[in-house]
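Here the structure is laid out as structure tokens; the discussion comes afterwards.
In our numbering, the protein residues as written are 34 to 258.
The following block contains the structure:
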């Protein structure tokens, strides 16, 4: 099933109750979605980091996924409050070492050290271990400039995800024009470079402008099938 990640970002993850999905994190190298950020019931400001392996049975018609975590497990998942910079700091805190209980990773040596630390100083959550250089946020891609090998072609409008295989297959490029507006779909494998956020976060393709113009449009794709 091919799913629009920009739409999935507004879906609901359900266990016994609905939890809003606010963002998605993926590994650019492997093209796999790794985590979803999920709202916690009873909190207007806190989100939890849930492994993508805990989400199944997408229902595009109703905008829902089944989440294989109860509320007690979800309450123990890595979380943060506040703006995206806090999430960046949490993800940057620890390098991934071992597969953990949520299908994610944790640093056992760091956890042991923290268990021995009796100070009152705030501690980072050792399960939130993805370095910023490895995991990308969907929200940080949308709207960023896209360059072909011979010039700018538009902005990132969406990423299309083969859910059953957990693989990012397509990049949707909006030509950002009022007249002759088009949203073209190019292979995700055509991305040759993604600039760091501090230098603009633009995306560079191996394709030429003419090749992008000949690419299929979003309407030609069978989303949700």
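C-beta: ideal position from N, C-alpha, C; glycine also.
Inter-residue spacing [alpha-carbon to alpha-carbon] between residue 231 and residue 168 | As a position in the chain shown, residue 231 is number 198, starting the count at 1. As a position in the chain shown, residue 168 is number 135, starting the count at 1. If I take the Cα positions, the gap works out to 16 Å.
Based on Cα-Cα distance, which residue from 204, 110 and 80 lies nearest to residue 194?
-> Taking the chain shown and counting its residues from 1, one reaches residue 194 at position 161. Taking each of 204, 110 and 80 in turn and checking the Cα distance to residue 194, the smallest one comes out for 204.
With a CB to CB cut of under 8 Å and the five nearest residues on each side skipped, what residues in its chain are close to residue 88?
-> Looking up residue 88 in the chain shown gives position 55. Same-chain partners within the cutoff: 46, 69, 98, 99, 100 and 101.
Hey, would you say residue 82 sits closer than 7 Å to residue 192, going by beta carbons?
-> Residue numbering aside, residue 82 sits at position 49 when the chain shown is read from its first letter. Residue numbering aside, residue 192 sits at position 159 when the chain shown is read from its first letter. Taking 7 Å as the cut-off, the beta carbon of residue 82 is found no closer than this to the beta carbon of residue 192.
Should the stretch 206 to 224 be regarded as contacting the stretch 245 to 258, the criterion being three or more beta carbon pairs within less than 8 Å?
-> The stretch 206 to 224, when compared against the stretch 245 to 258, does touch it at the 8 Å Cβ threshold.
Nearest to residue 73 by alpha carbon, out of 103, 85 and 86?
-> Residue 73 sits at position 40 when you count from the first residue of the chain shown. With distances taken between Cα atoms, residue 73 lies closest to 103.
Nonlocal neighbours in the same chain, by C-beta distance under 6 Å from residue 174, ignoring five residues either side | Mapped onto the chain shown, residue 174 falls at position 141. Within the same chain, residue 174 has close Cβ partners 189.
Range covered by the beta strand (DSSP E) that runs through residue 106 | Counting from 1 along the chain shown, the entry for residue 106 is found at position 73. Run containing residue 106: none in the beta strand (DSSP E); it sits in the alpha helix (DSSP H), 104 to 109.
Return helix, strand or coil for residue 92, following the three-state DSSP convention.
-> Walking along the chain shown from the start, residue 92 turns up at place 59. DSSP places residue 92 in strand when its eight states are reduced to three.
Go ahead and pull the three-state DSSP assignment for residue 203.
-> On the chain shown, residue 203 is found 170 positions in, with the first residue counted as 1. Three-state DSSP puts residue 203 in a strand.
Among 92, 67 and 94, the one whose alpha carbon lies nearest that of residue 84 | Working through the chain shown from its first residue, we reach residue 84 at position 51. Answer by Cα proximity: 67.
Top-ranked residue by Cα proximity to residue 94, from 51, 40 and 62 | Translated into positions along the chain shown, residue 94 becomes position 61. Its Cα nearest to that of residue 94, the residue 40 stands out among 51, 40 and 62.
Residue 250 bridges to which residues according to DSSP?
-> For this step, residue 250 is matched to residue 217 along the chain shown. Answer by DSSP bridge pairing, in chain order: 217.
Proximity below 7 Å, CB of residue 55 to CB of residue 90 | Taking the chain shown and counting its residues from 1, the one referred to as residue 55 is at position 22. Taking the chain shown and counting its residues from 1, the one referred to as residue 90 is at position 57. Taking 7 Å as the Cβ cut-off, residue 55 and residue 90 do not qualify as a contacting pair.
Tell me whether residue 80 sits in a helix, a strand or coil according to DSSP, three-state version.
-> On the chain shown, residue 80 is found 47 positions in, with the first residue counted as 1. DSSP places residue 80 in strand when its eight states are reduced to three.
Residues near residue 255 by beta carbon distance below 6 Å, same chain, minus five either side = Walking along the chain shown from the start, residue 255 turns up at place 222. Taken in chain order, the list of residues that qualify is empty.
Just curious, the beta strand (DSSP E) that residue 238 is in, first and last residue?
-> Against the chain shown, residue 238 aligns to sequence position 205. Per DSSP, residue 238 belongs to the beta strand (DSSP E) from 236 to 238.
Can you check whether the CB of residue 219 is closer than 7 Å to the CB of residue 180?
-> Taking the chain shown and counting its residues from 1, the one referred to as residue 180 is at position 147. Taking the chain shown and counting its residues from 1, the one referred to as residue 219 is at position 186. Contact flag unset, no.
Cα-Cα separation between residue 235 and residue 110, rounded to whole angstroms = Sequence index remark: in the chain shown, residue 235 carries index 202 (1-based). Sequence index remark: in the chain shown, residue 110 carries index 77 (1-based). The alpha-carbon atoms of residue 235 and residue 110 are separated by roughly 32 Å.
Per DSSP, residue 273 forms a beta bridge with which residues?
-> Here the chain comprises residues numbered 34 to 258, so residue 273 is not present and cannot be evaluated.
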